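Residue numbers (my numbering), protein chains in the order written: chain Z, 10 to 127; chain R, 15 to 125.
Built from N, CA and C at the ideal position, the CB exists for glycine as well.
Source: prediction; values computed, not measured.
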Amino acid sequence: GAVVSQHPSWVICKSGTSVKIECRSLDFQATTMFWYRQFPKQSLMLMATSNEGSKATYEQGVEKDKFLINHASLTLSTLTVTSAHPEDSSFYICSARFMVGGTQETQYFGPGTRLLVL
Amino acid sequence: QKEVEQDPGPLSVPEGAIVSLNCTYSNSAFQYFMWYRQYSRKGPELLMYTYSSGNKEDGRFTAQVDKSSKYISLFIRDSQPSDSATYLCATLNTNAGKSTFGDGTTLTVKP
């Protein structure tokens, strides 16, 4: 079953509005959560790395004031796209990393959120 | 040069064929290796992960890692049309804190 959930699965909004996407790790506490962006037929693009209780680390070229990340707990991270514009339309995917068996790490993805800004 | 190189394909095989998907990586600090399957308009689904050289098998899937040559593979036996998807390899260096992904190989299994 799914270990990472995302909500909403899709959203359509008007230009200038803000959109919040929630990412939850189910049944486990994530050591780290990540936010990716993916355009059609392209690879995943890491936007930011998020740890609970600390500021997110953004990749080069990602505007931290536009893509606000809040990591409220070990199981919840949110991405807010502020003042969204049509060029922000994309597929946003969160991911969570956790320990397996106490020694190994692996990473699971959420189902993604498709954002369309009109 | 990318840290993880993956042949984008596309790869098309008949149903029942054995599929071999491959990636190379350049950073010997990578400790974990993962394969994901991504269907269109869906998030990537973790198929296999391993942290050592050798083979790991799960049903029709076998992940192979050769750290000496920095080469990782995913084999799919008795491929099915439902295996048609994009397959992403990924490596993880826990010291660096993030995973590095290949660009994905698009696979089509024809009935």
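The continuous stretches of beta strand (DSSP E) do not include residue 94 (chain Z), and DSSP gives it neither H nor E. Burial of residue 115 (chain Z) is indicated by the presence of at least 16 other C-beta atoms within 10 angstroms of its C-beta. Contact annotation: residue 32 (chain Z) and residue 86 (chain Z) have beta-carbon atoms nearer than 8 Å. Rounded to whole angstroms, the gap between the alpha carbons of residue 79 (chain Z) and residue 88 (chain Z) is 7 Å.
Among the CB atoms of chain Z, none fall inside 8 Å of the CB of residue 125 (chain R). When only Cα atoms are considered, residue 123 (chain R) and residue 27 (chain R) end up about 5 Å apart. Ranked by how close their Cα comes to the Cα of residue 37 (chain Z), the residues Z:107, Z:119, Z:121 have Z:107 in first place.
Taking CB atoms only, residue 115 (chain Z) has a neighbour in chain R less than 8 Å away. Residue burial annotation: residue 121 (chain Z) is buried, with at least 16 other C-beta atoms found within 10 angstroms of its C-beta. Residue pairing by DSSP leaves residue 56 (chain Z) without any beta bridge partner.
Residue 109 (chain Z) sits exposed, since fewer than 16 C-beta atoms from the chains shown fall within 10 Å of its C-beta. Within its own chain, the residues whose Cβ lies closer than 6 Å to the Cβ of residue 24 (chain R), once the five positions on either side in sequence are excluded, are 120, listed in chain order. Proximity to residue 28 (chain Z) across Z:127, Z:92, Z:117, Z:112 peaks at Z:92, based on C-alpha coordinates.
When C-beta atoms of the region 111-120 of chain R are compared with those of the region 66-81 of chain R, fewer than three pairs fall below 8 Å, so the two segments do not count as touching.
Residue 55 (chain Z) has a beta carbon lying within less than 8 Å of a beta carbon in chain R. At a cut-off of 8 Å between C-beta atoms, residue 51 (chain R) does not count as an interface residue with respect to chain Z.
If only complete runs of 4 or more residues are kept, the region 19-59 of chain Z shows no alpha helix (DSSP H) anywhere. For residue 111 (chain R), at least one C-beta of chain Z is nearer than 8 Å to its own C-beta.
Shortest Cα-Cα distance from residue 126 (chain Z) to any of Z:117, Z:68, Z:90 involves Z:90. The straight-line gap separating the alpha-carbon atoms of residue 46 (chain R) and residue 105 (chain Z) is approximately 15 Å.
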